[in-house]
Amino acid sequence: MIKLSSTFKGKVCGLCGNYDGNIKNDFTTRNKEVVVDAFQFGNSWKVSQSCANTNTLKSPCTLYSHRQAWALKRCSIINSAVFGICHSKVDPQYYYNACVRDTCACNTGGDCECFCSAVAAYAAACNKAGACIKWRTPSVC
1 MIKLSSTFKG KVCGLCGNYD GNIKNDFTTR NKEVVVDAFQ FGNSWKVSQS
51 CANTNTLKSP CTLYSHRQAW ALKRCSIINS AVFGICHSKV DPQYYYNACV
101 RDTCACNTGG DCECFCSAVA AYAAACNKAG ACIKWRTPSV C
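Going by the UniProt record's numbering, 23 is the number at position 23 of the sequence shown; the sequence numbering is gapless.
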């Protein structure tokens, strides 16, 4: 995981996103186009155009299968009644998928860090849409 000072907020771009607090535009290509395809996004940031494009991507949950059950269970909070009042305002599927993917991929030493960040992103989107969710508890983040 890369950590930046808040002085960089909105001033960076690339494979790690753009640090503007909006996960929906993290797949912004070198040409400033927001895409949903990971290959298109990744290939746009190649340093040398002579490098071959990639066309295969392994799921972090496949690569780290021992983390999958935990990620699926924990991220299910996004689809649960806890966030129920938000579901009609912000579709949870994108955030749930991102949560599972990020939680499986997390290797910062504390799996909770990636999980909590992913759920916090959905909570922030809900809040922006007018649904304030009290999701943190002593046992959840």
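Every residue, glycine too, gets a C-beta built ideally from N, C-alpha and C.
Quiz item: By a C-beta neighbour count over all protein chains shown, 10 Å radius and 16 as the cutoff for buried, is residue 90 buried or exposed?
Solution: buried
Self-check item: Outcome for residue 56 when other beta-carbon atoms lying within 10 angstroms are tallied against a minimum of 16
Solution: exposed
Practice problem: For residue 54, I'd like the list of residues in its chain whose CB is within less than 7 Å of its CB, leaving aside the five on either flank, ordered along the chain. | Solution: 39, 42, 43
Quiz item: Who are the near neighbours of residue 5 in its chain, counting only those whose CB is closer than 8 Å to its CB and skipping five residues on each side?
Solution: none
Practice problem: Note the first and the last residue of the continuous alpha helix (DSSP H) segment covering residue 100. | Solution: 92-105
Quiz item: Rounded to the nearest angstrom, how far is the Cβ of residue 75 from that of residue 99, given a contact under 8 Å?
Solution: 4 Å
Practice problem: Give a yes or no on whether 7 Å exceeds the smallest Cβ distance from residue 94 to chain D. | Solution: As a matter of chain content, chain D is missing from the structure shown, which is built from one protein chain.
Exercise. Give the secondary structure of residue 54 by DSSP, where H, G and I count as helix, E and B as strand, and everything else as coil.
Key: coil
Quiz prompt | Beta-carbon proximity check, residue 86 vs residue 131, cutoff 7 Å | solution = yes
Quiz item: Considering residue 43, what are the terminal residues of the alpha helix (DSSP H) in which it resides?
Solution: 38-44
Quiz item: Skipping 5 residues on each side, what residues in its chain have a beta carbon closer than 8 Å to that of residue 36?
Solution: 27
Quiz item: If you count every other CB in all the chains shown that lies within 10 Å of the CB of residue 67, and 16 or more means buried, which is it?
Solution: buried
Exercise. Could you tell me the boundaries of the alpha helix (DSSP H) in which residue 4 lies?
Key: First-last for residue 4: undefined, no H or E at that position.
Exercise. My understanding is that residue 104 touches residue 71, with C-beta atoms under 8 Å, so please give their C-beta distance in whole angstroms.
Key: 5 Å
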